[in-house]
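**Student:**
Number of protein chains: 2
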Amino acid sequence: MAYSIAIERTSAPKTKPEVSRIGFGTIFTDHMFMLDYETGKGWHSPRVVPYQPITLDPAAKVFHYGQTVFEGLKAFKTADGAISLFRPDMNFRRLNRSNDRLSIPPLDEELALAGLKTLIGVDADWIPAEEGTSLYIRPFIIATQPTLGVAPSRNYLFMIILSPVGAYYAEGINPVKIHVESDYVRAVPGGVGNAKTAGNYAAGLKAQEEAPQGYSQVLWLDGVHRKYIEEVGSMNMFFKINGKVVTPALNGSILEGITRDSMIRLLTHWGVPVEQRQISIDEIAEAHRDGTLEEAFGTGTAAVISPVGELHWQGEKLVIGGGKTGELSARLYDTLTGIQRGTEPDPFGWMVRL
Amino acid sequence: MAYSIAIERTSAPKTKPEVSRIGFGTIFTDHMFMLDYETGKGWHSPRVVPYQPITLDPAAKVFHYGQTVFEGLKAFKTADGAISLFRPDMNFRRLNRSNDRLSIPPLDEELALAGLKTLIGVDADWIPAEEGTSLYIRPFIIATQPTLGVAPSRNYLFMIILSPVGAYYAEGINPVKIHVESDYVRAVPGGVGNAKTAGNYAAGLKAQEEAPQGYSQVLWLDGVHRKYIEEVGSMNMFFKINGKVVTPALNGSILEGITRDSMIRLLTHWGVPVEQRQISIDEIAEAHRDGTLEEAFGTGTAAVISPVGELHWQGEKLVIGGGKTGELSARLYDTLTGIQRGTEPDPFGWMVRL
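Top to bottom, those sequences are chains A and B. Be aware that the first sequence starts at 158, since it is given in the numbering used here, and climbs by one per residue. Be aware that the second sequence starts at 158, since it is given in the numbering used here, and climbs by one per residue.
1. Would you decide whether B:Ser-168 is buried or exposed? Buried here means 16 or more other CB atoms lie within 10 Å of its CB.
2. Using the rule of at least 16 other Cβ atoms within 10 Å of the residue's Cβ for burial, across every protein chain shown, is A:Asn-331 buried or exposed?
3. Assuming B:Trp-200 is part of the beta strand (DSSP E), what are its boundary residues?
4. Please decide whether A:Glu-366 counts as near chain B, where near means a Cβ-Cβ distance under 8 Å.
5. Looking at the unbroken beta strand (DSSP E) that takes in B:Ala-453, where does it start and where does it end?
6. Nearest to B:Ile-318 by alpha carbon, out of B:Arg-295, B:Ala-444, B:Asp-447 and B:Glu-501?
7. When the cut-off is 8 Å and only beta carbons count, does B:Tyr-358 lie next to chain A?
8. Leaving out the 5 sequence neighbours to the left and right, which residues in its chain are closer than 7 Å to B:Lys-353 when beta-carbon positions are compared?
9. Could you check whether the Cβ of B:Ser-391 sits closer than 8 Å to any Cβ belonging to chain A?
10. In this structure, how does DSSP classify B:Ile-317 when only helix, strand and coil are distinguished?
11. In angstroms with no decimal places, state the Cα-to-Cα distance between B:Ser-339 and A:Val-322.
12. Please confirm if A:Thr-494 has its CB atom under 8 Å from at least one CB of chain B.
13. On the DSSP bridge assignment, give the partners of A:Glu-287 in chain order.
14. State the Cα-Cα distance for the pair B:Leu-450 and B:Gly-457, rounded to the nearest angstrom.
15. For B:Thr-404, which beta-bridge partners are listed by DSSP?
16. Going by the DSSP bridge assignment, what does A:Arg-146 pair with across the sheet?
17. Would you say A:Arg-213 faces chain B, with C-beta separation under 8 Å as the test?
18. On the premise that A:Val-205 lies in contact with A:Ile-261, defined as a C-beta separation below 8 Å, what is that separation, rounded to the nearest angstrom?
19. If I measure Cβ to Cβ from A:Gly-289 and keep anything under 6 Å in the same chain, skipping five residues before and after, which residues do I get?
20. Going by beta carbon distance, what residues of the same chain come within less than 8 Å of A:Pro-263, once the five residues before and after it are set aside?
21. Considering Cα atoms alone, identify which of B:Gly-480, B:Ser-391, B:His-336 and B:Leu-305 is closest to B:Phe-220.
22. Between B:Met-394 and B:Gly-455, which are expected to be in contact by the criterion C-beta below 8 Å, what is the C-beta distance as a whole number of angstroms?
23. Decide if A:Gly-182 is buried, meaning its Cβ has at least 16 other Cβ atoms within 10 Å, or exposed.
24. Confirm, please, whether the CB-CB distance from B:Val-349 to B:Ile-438 is below 8 Å.
25. Using C-beta distances below 6 Å, list every residue in its chain close to A:Pro-174, excluding the 5 sequence neighbours before and after it, in chain order.
26. Label A:Asn-399 either buried or exposed according to how many other C-beta atoms from any shown protein chain fall within 10 Å of its C-beta, with 16 as the threshold for buried.
27. Quick check: does the Cβ of B:Phe-395 come within less than 7 Å of any heavy atom belonging to the ligand ZN?
28. Just tell me which of B:His-426, B:Tyr-208 and B:Ser-241 has its CA closest to the CA of B:Thr-500.
29. How is the alpha helix (DSSP H) around B:Gln-513 delimited, first residue to last?
30. Excluding five sequence neighbours on each side, which residues of the same chain lie with their C-beta closer than 7 Å to the C-beta of A:Ala-236?
31. Could you give the first and the last residue of the continuous alpha helix (DSSP H) run that contains B:Ala-487?
32. Name the DSSP bridge partner or partners of B:Ala-232?
33. Does the beta carbon of A:Arg-311 come closer than 8 Å to any beta carbon on chain B?
34. When you compare each of A:Leu-259, A:Asp-282, A:Pro-245 and A:Ile-284 to A:Leu-268 by their alpha carbons, which one comes out closest?
35. Alpha carbon to alpha carbon, how far is B:Thr-275 from A:Ile-335? Give it in angstroms, no decimals.
36. Which same chain residues end up closer than 6 Å to A:Pro-303 when comparing Cβ atoms and leaving out the 5 residues on each side of it in sequence?
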């Protein structure tokens, strides 16, 4: 189905930054995609417009009741000069699952993808080509009705903004040290932990801030028993124990990561056994003690893989794999980034070419 | 201490609505208060300006990570024509507790109160005088830094907007029917349930939407054991059982309501025993069965008291007090609204005159 997406081009293109100097999500491209929703009328008026501030009533529900969802994915300039997206259908499907949990009306996933492709086409020369770089894509929906009653909004705005990002590992893939959080809780079954919504991230800032010096992220334990592993920072978590890979099962309180799914499929494809189940921090500490904890890593869109070199748990420091990147972590990282850049075969048809 | 608050008056005052026709939080006054924050500079530039849309970068952190807090309180035109606020110091103190949980820099509570008083002075003729009406006050803070890294913002905006509200009980105080929620969870200790932040409200919309027909609000049970009473909708909950009043203790996952505190102090002042403790839904069902459950009510700024005439719990309907407003609920409502309107003595010095 073809969609009619209006395009208004900027008359004042910005100067593009030097890729080596850009961080994450600080520079935005020349255009953005917008789509409005109004009860009774549905989603309407898809358009690409110059990147610009948005104007909202101070009573807009997003400011007060946090009715908002978002996604994060990437576009790549491949080795042969083409532009491709990594599994964008998965992101828009998850966006609709988040919408459902947040009482936001569902989006036409094909229209969202068409909007994204149109936007990327307009801003194609913003996609960096250097190894390890990409164009980070942030679709999001905010509730805009300006009334203070606690009820779902009658108006929404769906937007996509784009940000060129430099290499996550400028000096090679590097393990991080993680603090296992025992005071704060990220989410609990019955809550919104498996939705990609703003409140989950606001809730996590304090723990990050209070983590001991040197620990860049926190590992969340479940909110009921306070012992089962949930996520690390905003990444899913994997452990390699005695030749097997284990990762927390999708239990309703962790995010259904698309990189997580991709890792599981790659590992299965390679014949590496993967278990999705409950994993307690005690099991990890025990595997560390008896020498069977071989690797640990987080997975997410931004870093792809973040090897964990040390876990800090109740005063104890569990050094994993000598604090170095494990072999399997490196292989997963190289394979997935290779698929994304078109230098490795894509056996699952994950890449969508523009 | 005197603060220098700039005032810019509107050149186009709006027509004031008929009070009988205004709902909750849909009409706003002619002006609003603003205060900016920048890391290194602190909170600065307090000002009253015409009520108007605000302009934000689409990457502003509030849209993506929900770093935001708010408050709700009321101003009244008292029987003698004066303007007074109900316990505003409590709201700004709680705002700072919420700020701490959400990694937002603390606000000067006296400056916030001075800003509120200045704003209300400018919009004084917007305060309705009819019995049961008031001016609803919504202070809130949003994170405005336009970057997508998950970290506390370096910029914030504190605002106060005002909304005249009609009588909550236009036809006399009226009990509500409440559905006891058994699937969704509002909050859990270690989370943000005791902070007044947007994400808590977004998380609750779905349960409200899915509650059976006829039940206007849900009663939340705790997220760990799924049996202890937390809150009802966005109100604190009280029960009168066998002559004693019980209300859930402040356990870290329920909001520390200012109306809740006021009710406890009034009851204690009257010699009615009040217990703040864990209360299971089974205890309530048992008290209902043996005839000792005399009254139930929610408390909050908007309604003051919302008597509960029926609880719906796992298919069973617990009708309370014959579905009518209880004597104690009515006395609490009459006394507190009388204090607010200046027709009853104010033994605790709660009202702050402008």
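We put the CB at the ideal spot given by N, CA and C, even for glycine.
**Tutor:** Straight from the coordinates:
1. Taking the first residue of the second sequence as 1, we reach residue 168 of chain B at position 11. By the 10 Å Cβ count, B:Ser-168 comes out exposed.
2. As a first step, residue 331 of chain A is located in the first sequence; it is residue number 174 there, counting from the start. A residue is called buried once 16 or more other Cβ atoms fall within 10 Å of its Cβ, and A:Asn-331, having fewer, is exposed.
3. Within the second sequence, residue 200 of chain B is the residue found at index 43, counting from 1. 199-207 is the extent of the beta strand (DSSP E) around B:Trp-200.
4. Position 209 of the first sequence, counted from the start, is the residue given in the question as residue 366 of chain A. Closer than 8 Å to the CB of A:Glu-366 there is at least one CB belonging to chain B.
5. Locating residue 453 of chain B in the second sequence gives position 296, counting from the first residue. Per DSSP, B:Ala-453 belongs to the beta strand (DSSP E) from 450-457.
6. Here residue 318 of chain B refers to the residue found at position 161 of the second sequence. Out of B:Arg-295, B:Ala-444, B:Asp-447 and B:Glu-501, B:Arg-295 has the C-alpha closest to the C-alpha of B:Ile-318.
7. The count along the second sequence starts at 1 and reaches residue 358 of chain B at position 201. The C-beta of B:Tyr-358 comes closer than 8 Å to at least one C-beta of chain A.
8. Translated into the one-based positions of the second sequence, residue 353 of chain B becomes position 196. Cβ neighbours of B:Lys-353 beyond the five flanking positions: Val-226, Phe-227, Glu-228, Arg-251, Ser-255 and Leu-412.
9. On the second sequence, position 234 is the one that residue 391 of chain B refers to. It does; some Cβ of chain A falls within 8 Å.
10. What you label residue 317 of chain B is simply residue 160 of the second sequence in a count that begins at 1. If DSSP states are grouped into helix, strand and coil, B:Ile-317 belongs with the strands.
11. Position 182 of the second sequence, counting from 1, holds the residue named residue 339 of chain B. Position 165 of the first sequence, counting from 1, holds the residue named residue 322 of chain A. Approximately 43 Å between the Cα atoms of the pair.
12. Reading the first sequence from its first residue, position 337 is the one you call residue 494 of chain A. No, its Cβ sits nowhere closer than 8 Å to a Cβ of chain B.
13. Residue numbering aside, residue 287 of chain A sits at position 130 when the first sequence is read from its first letter. Partner(s): none; A:Glu-287 has no beta bridge.
14. The residue labelled residue 450 of chain B in the question sits at position 293 within the second sequence. The residue labelled residue 457 of chain B in the question sits at position 300 within the second sequence. Distance between the alpha carbons of B:Leu-450 and B:Gly-457: 21 Å.
15. Walking along the second sequence from the start, residue 404 of chain B turns up at place 247. Bridge partners of B:Thr-404: B:Gln-433.
16. This structure does not reach residue 146 of chain A, given that chain A is present from 158 up to 511, and the question cannot be answered.
17. Position 56 of the first sequence, counting from 1, holds the residue named residue 213 of chain A. First, the residue type needs correcting, since residue 213 of chain A is Leu and not Arg in the sequence shown. Yes, A:Leu-213 lies at the interface with chain B (some Cβ there is under 8 Å from its Cβ).
18. Residue 261 of chain A sits at position 104 when you count from the first residue of the first sequence. Residue 205 of chain A sits at position 48 when you count from the first residue of the first sequence. Rounded, the Cβ-Cβ distance is 22 Å, inconsistent with contact.
19. Position 132 of the first sequence, counted from the start, is the residue given in the question as residue 289 of chain A. Taking C-beta separations shorter than 6 Å and ignoring five residues to either side along the sequence, the partners of A:Gly-289 in its chain run Ala-324, following chain order.
20. The count along the first sequence starts at 1 and reaches residue 263 of chain A at position 106. So the list reads Asn-253, Asn-256 and Asp-257, once near-sequence residues are dropped.
21. Numbered from 1 along the second sequence, position 63 holds the residue referred to as residue 220 of chain B. The shortest Cα separation from B:Phe-220 among B:Gly-480, B:Ser-391, B:His-336 and B:Leu-305 belongs to B:Leu-305.
22. Translated into the one-based positions of the second sequence, residue 394 of chain B becomes position 237. Translated into the one-based positions of the second sequence, residue 455 of chain B becomes position 298. With 8 Å as the limit, B:Met-394 and B:Gly-455 qualify as a contact, their Cβ atoms being about 6 Å apart.
23. In the first sequence, residue 182 of chain A corresponds to position 25, counting from 1. With 16 or more other Cβ atoms within 10 Å, it is buried.
24. Walking along the second sequence from the start, residue 438 of chain B turns up at place 281. Walking along the second sequence from the start, residue 349 of chain B turns up at place 192. No, they are not a contact pair.
25. Locating residue 174 of chain A in the first sequence gives position 17, where the first residue counts as 1. Excluding positions up to five away in sequence, the list reads Ile-184.
26. By one-based count along the first sequence, residue 399 of chain A stands at place 242. Taking all protein chains in view, the Cβ of A:Asn-399 is surrounded by fewer than 16 other Cβ atoms within 10 Å, so the residue is classified as exposed.
27. With respect to the ligand ZN, the structure shown offers nothing to examine, as it has no ligands at all.
28. On the second sequence, residue 500 of chain B is found 343 positions in, with the first residue counted as 1. If we check each option's Cα against that of B:Thr-500, B:Ser-241 comes out closest.
29. No information on residue 513 of chain B is available, as it lies outside the stretch 158 to 511 that chain B covers here.
30. Within the first sequence, numbered from 1, the residue matching residue 236 of chain A stands at position 79. Closer than 7 Å at the Cβ level, and outside the excluded window around A:Ala-236, lie Arg-498, Gly-499 and Thr-500.
31. For the purposes of this step, residue 487 of chain B is identified with residue 330 of the second sequence, where counting begins at 1. Unbroken alpha helix (DSSP H) run through B:Ala-487: 484-498.
32. Here residue 232 of chain B refers to the residue found at position 75 of the second sequence. Answer is B:Leu-242 and B:Leu-292.
33. The count along the first sequence starts at 1 and reaches residue 311 of chain A at position 154. Answer no: the Cβ-Cβ gap between A:Arg-311 and chain B never drops below 8 Å.
34. Within the first sequence, residue 268 of chain A is the residue found at index 111, counting from 1. Among A:Leu-259, A:Asp-282, A:Pro-245 and A:Ile-284, the Cα nearest to that of A:Leu-268 belongs to A:Pro-245.
35. Position 178 of the first sequence, counted from the start, is the residue given in the question as residue 335 of chain A. Position 118 of the second sequence, counted from the start, is the residue given in the question as residue 275 of chain B. If you take the alpha carbons of A:Ile-335 and B:Thr-275, they lie about 48 Å apart.
36. If you number the first sequence from 1, residue 303 of chain A lands on position 146. Excluding residues within five positions, the ones whose Cβ falls inside 6 Å are Asp-214, Ala-216 and Ala-217.
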